[in-house]
Amino acid sequence: MKKFLLQFFTWWNGQTLGTRFHTWRHGAEVGRDEFGNIYYEGGTDSEGRTRRWVIYADQAEASMIPPGWHGWIHHRVDVAPSQENYAAREWQKPHLPNLTGSAAAYRPKGSLLSGGHRPQVTGDYDAWTPGG
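For the sequence shown, the working numbering assigns the number -9 to the initial residue and increments by one for each residue that follows.
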């Protein structure tokens, strides 16, 4: 019951009822990734391409789509990673969650939230004044 209510009232937990209904009517499962996300295709979009979408395993976080699936879902490649022997390149980094807004977010030197102080002004800048 809790899962049903979450799907009914929130869009960021898995899928909404509208998405569930659309997936049931038009979707064909293409594959799953290592995070548990499920990828579907079916129907056509306004440009005549096959419509593709993802149902996230947990919260809807776009950074949770691996590189191979990202290329497929954005029509960069025609073959889904589940239908080929896809291997990540050596330069592709493993997934890191988006930490913006959390305590672990990046805070540069001088940020008020990092507890640091701004560096002292060196005096090599002269402010513009009108007529001066």
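C-beta atoms are modelled at their ideal positions from N, C-alpha and C, and glycine is treated no differently.
May I ask which residues mark the beginning and end of the alpha helix (DSSP H) holding residue i?
{"i": "G61", "result": "P57 to I63"}
On the three-state DSSP scale, how would you describe residue i?
{"i": "Q82", "result": "coil"}
{"i": "G8", "result": "helix"}
{"i": "T40", "result": "strand"}
{"i": "Q73", "result": "helix"}
Cutting at 8 Å between CB atoms, please list the residues of its own chain near residue i, excluding the five before and the five after it.
{"i": "Y30", "result": "T13, G17, A18, E19, V20, R42, W43, V44 and I45"}
{"i": "P71", "result": "G21, D23, P56, G58, W59 and W62"}
Skipping 5 residues on each side, what residues in its chain have a beta carbon closer than 6 Å to that of residue i?
{"i": "A77", "result": "none"}
So residue i is in the beta strand (DSSP E); what residue range does that whole segment cover?
{"i": "W118", "result": "First-last for W118: undefined, no H or E at that position."}
{"i": "G32", "result": "I28 to T34"}
{"i": "W22", "result": "Per the sequence shown, residue 22 should be read as Arg rather than Trp. Unbroken beta strand (DSSP E) run through R22: A18 to R22."}
Alpha carbon to alpha carbon, how far is residue j from residue i? Give it in angstroms, no decimals.
{"i": "S101", "j": "P84", "result": "28 Å"}
{"i": "E24", "j": "A52", "result": "14 Å"}
{"i": "R15", "j": "P87", "result": "32 Å"}
{"i": "M54", "j": "A47", "result": "10 Å"}
{"i": "H64", "j": "D35", "result": "12 Å"}
{"i": "E74", "j": "R22", "result": "13 Å"}
{"i": "V67", "j": "Y96", "result": "33 Å"}
{"i": "G113", "j": "K99", "result": "20 Å"}
{"i": "T40", "j": "G8", "result": "19 Å"}
{"i": "R79", "j": "T119", "result": "54 Å"}
{"i": "L(-5)", "j": "Q5", "result": "11 Å"}
{"i": "V69", "j": "M(-9)", "result": "37 Å"}
{"i": "I127", "j": "Y115", "result": "Given that the chain is displayed from residue -9 to residue 122, the structure contains no residue 127 and the question cannot be resolved."}
{"i": "G33", "j": "Q82", "result": "32 Å"}
- Message: Between the stretch 57 to 77 and the stretch 86 to 98, can you find at least three pairs of beta-carbon atoms closer than 8 Å?
- Response: no
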